[in-house]
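J.: Quick one: structure below, then a few questions.
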Amino acid sequence: MLSTSYQIETTNTEAKCYHHETQNITLFCIDCGFSVCNFCIASKEHCNGHKFDLIQNVMGFIKKEYEENFLPLIPNRIKKDKITLSLSDSYCSEILKKLKFNQDLIKEEFRLIHLTASIVERDLLSQLDTRHDENLEIKLKLSYKLLNDIDKLQTIINYKLNENKEINKNDIENKPEELKIDNNNNNNNNNNNNNNNNNNNNNNNNNNNNNNNNNNNNNNNNNNNNNNNNNNNNNNNNNNNNYNNKINELINNNLNNLSSLGCSLNGVNRNSKIFNGLDFELIMNHQHSKIILSNDENNKLLRGYKKIITNTNKKEVEKIKNIYKSMIFVEDKGSYYNERLPLETKTMIWKGEKYSLFICGGENIFSEKIAFNSESKSITHLRVSSTLGKSELLFMDGFEQQIPSTLILSGSFVIHFGNIKRPVLPGVIPMVSNETLEIYFEGYCHHIGEGVIPNCGLYLYLGELATPLTYDSIPPKIQVLYLMDGFNQNLPQGIIPEFKGSLYLGNIKNPIYMNSIPRTVTKIVFLDNYPHKITKNQIPSGVDLYFGDIVEPLTEQSIPNNINSLQFKDGFNHYLTKGIIPSTVGSISFGGIKKPLQVHSIPNGVKKLVFTKNFNQLIVNGIIPNGVLEIYFENQNPVPVSSIPLSVKKIICPKIIYQSLKSLDGKKQITFEIF
């Protein structure tokens, strides 16, 4: 757990001993040259046997040593301590990045291990399923065969029972007449017997029905002369037909079985005695009985069931664990602090500014302006921090190294990317919160993809680019976007994100389109030399609008209604004729414009006017319309009293203008604020 005991020491108003913090200083140790307390004198650890003097006696010596030897060194020590503190912060920042990298590395490695283990797991489960399916196949095959055999054997048993009943019935019908009479007298009993037979037939299902049909058929053959007297015989004839059909079907189904047993049916009349009724059934029952009773395949199938177990080799599992531990492990790799070759730089001039061009060596750089070009050696070991103000980094045309994500650490930076050989990757530009970050891409030849520019409140400057911008190039949390001189990209809707900030447009190559500028922008500045005509719907409403020395004059459709404020900056060089400024504008500021204002240049709806210190045009009667409530004069040019309309309630101005307007003071209820 991290310690929470480290706190910044506060200054104590009492002179306490360095060694014994609760004791006041009383003496000065001459041998140590240190102020001490009574405990120090008595202690064996401090000043034992040394000479002492009263503090008041050595105050002159203390003051002289402090002012001459210590005080001059303090600023350098403060600077050095700040550098050390910055190094500590940079080390921790790099350690944090490395921690995230190492965590991701371990997670990825174990993701692959888990993936491999899951493949083995699926294979083992598949093997279990396959073996289970094999056992299930044996069960289905054995069940089908056993049920079929049981059905055939049950048929054979039922056949034998019905055959015995038919024999008994025929014996009764062949008795003498006197016995038949007795039988007729016992019709009720016969009927009961018939009912019992019927019940037996029902219990024996289809096989018993066939036997009953056989019995009825025999009765029918024995009583052909009594057909008209016995309705039951007619029913038996119907049953005979059904029975014969079943016999024929059974014969056809069993021809192959008979042939396999050596029974040749060639030349045999199926209507002959051997195939009539019971004889054929006897043959089939004989064959089925012989085949089923002599077949031991059921036991063979039963022995086909496989016993399945899962074995775990604990030793091999332990080996795999040890392999993982040896494959991925955490270790210390020494101190971050490393003595390197001395930093070697040389001075260069870029755009009139002096820079330190990095050549080689060093580790931590705290220069205010650092440049890198094709002469620069490896920068993978460098760490750049900004602790003493804003630092500027310049990656010049021809720089061919990959910029590491560990190069730029904490602080405020201005970073320029020129036509460098390798693209800037996500993470190179640090994410900042409180510090100011300004990023320039001028002549940059690579695609600016998502994440290259961090999504934070930075200032982004875009010049000429070799690769078109895409919808994810510019993040939505920027504060300011500058499209500088030479910017050569088209701006369809969506390229500039919906950010809440300021947009500056310089001498760009291509005109903006309708909806190029998102409605979330709060301020739009057309800088000097903006070359394109500003047409209807290019500027969204609700913004603060500024015009510099633009090339094309404004028209009545250039400025939208409902803008917050309007300012014409120094150098604006076009006439403001009637209708150019909408009447809905509430506040207008005029800088050092080149063309004089005209009557009706300022619409009647304006409530506040500002004339900056560089405004030098004459303000004559009618320039300021009636309806203006407040005027702020920053310039020094006298203003005629007649130019101030009756509607004005407040004037803020320097003394020189007040002198020209003081006659209004108290007459028109105008409040003056003089500076």
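Counting in our numbering, the sequence shown runs from 51 upward without gaps.
By construction, the Cβ of each residue, glycine as well, lies at the ideal position given by its N, Cα and C atoms.
Here's the rule: buried if 16 or more other CB atoms are within 10 angstroms of the residue's CB, otherwise exposed. What is ALA167?
T.: Exposed is the call here.
J.: Quick check on the DSSP output: the beta strand (DSSP E) that includes LEU595 runs from which residue to which?
T.: LEU595 -> beta strand (DSSP E) spans 594 to 597.
J.: Using 8 Å as the cut-off, can you tell me whether the stretch 490 to 501 makes contact with the stretch 178 to 196, which would need three or more C-beta pairs spanning the two stretches below that distance?
T.: Counting Cβ pairs under 8 Å, fewer than three are found: no touch.
J.: So what's CYS506 in DSSP terms, helix, strand or just coil?
T.: It is coil, neither helix nor strand.
J.: If you run the structure through DSSP and keep just helix, strand and coil, what is GLY402?
T.: Reduced to three states, the DSSP call for GLY402 is coil.
J.: Using beta-carbon positions only, say whether GLU606 and GLY629 come within less than 7 Å of one another.
T.: Yes, Cβ-Cβ distance for GLU606 and GLY629 is below 7 Å.
J.: Who pairs with LYS658 in a beta bridge, going by DSSP?
T.: SER637 and GLU680, per the DSSP bridge assignment.
J.: Determine the direct distance from the alpha carbon of MET398 to that of GLY448, and round the result to whole angstroms.
T.: Cα to Cα, the separation comes out at about 16 Å.
J.: With a threshold of 8 Å on Cβ separation, who are the neighbours of ILE562 within its own chain once the five nearest residues in sequence on each side are excluded?
T.: The answer, listed in chain order, is LEU541, LEU555, HIS582 and GLN588.
J.: Along the chain, where does the alpha helix (DSSP H) containing CYS90 start, and where does it finish?
T.: Counting along the chain, the alpha helix (DSSP H) containing CYS90 begins and ends at 88 to 92.
J.: By Cβ distance, which residues of its chain are closer than 6 Å to ILE652, with the 5 residues on each side in sequence left out?
T.: Excluding sequence neighbours, ILE652 sits near PRO675.
J.: CB LYS663 to CB GLU684, shorter than 7 Å?
T.: In this structure, GLU684 lies closer than 7 Å to LYS663 by Cβ.
J.: Buried or exposed for ASN306, going by 16 or more other Cβ atoms inside 10 Å?
T.: Caution applies to ASN306, whose pLDDT of 47 falls short of 50 and renders its modelled position unreliable; the value that the coordinates give is listed next. Counting Cβ neighbours within 10 Å, ASN306 comes out exposed, since fewer than 16 surround it.
J.: Could you tell me which residues DSSP puts in a beta bridge with ARG433?
T.: Per DSSP, ASN414.
J.: Label CYS142 either buried or exposed according to how many other C-beta atoms from any shown protein chain fall within 10 Å of its C-beta, with 16 as the threshold for buried.
T.: That one is exposed.
J.: Are ASN538 and LYS559 closer than 7 Å when you measure CB to CB?
T.: Yes. Within cutoff.
J.: Taking its Cβ as the centre, do 16 or more other Cβ atoms sit within 10 Å of TYR68, making it buried, or is it exposed?
T.: So TYR68 counts as exposed.
J.: Along the alpha helix (DSSP H) that carries SER376, what are the first and last residues, could you check?
T.: 364 to 377 is the extent of the alpha helix (DSSP H) around SER376.
J.: Nearest-angstrom Cα distance between VAL380 and LEU149?
T.: Roughly 11 Å separates the two Cα atoms.
J.: Classify ARG433: buried if its beta carbon has 16 or more other beta carbons within 10 angstroms, exposed otherwise.
T.: Flag for ARG433 reads buried.
J.: According to DSSP, is HIS338 part of a helix, a strand, or is it coil?
T.: If DSSP states are grouped into helix, strand and coil, HIS338 belongs with the helices.
J.: Near PRO526, what residues of its chain come up, given a Cβ to Cβ distance below 8 Å and the 5 sequence neighbours on each side ignored?
T.: ASN505, PRO547, GLU548 and PHE549.
J.: Apply the 10 Å Cβ neighbour rule to GLY592 and answer buried if 16 or more other Cβ atoms are within range, or exposed otherwise.
T.: Counting Cβ neighbours within 10 Å, GLY592 comes out exposed, since fewer than 16 surround it.
J.: How big is the Cα-Cα spacing for ASN363 and LYS369?
T.: When rounded, the distance between both Cα atoms is 10 Å.
J.: In the DSSP output, which residue or residues are listed as bridge partners for ILE458?
T.: Note: ILE458 sits in a beta bridge opposite VAL434.
J.: Smallest Cα separation from LEU457: which of LEU443, ILE470, GLY468 and GLU184?
T.: The shortest Cα separation from LEU457 among LEU443, ILE470, GLY468 and GLU184 belongs to LEU443.
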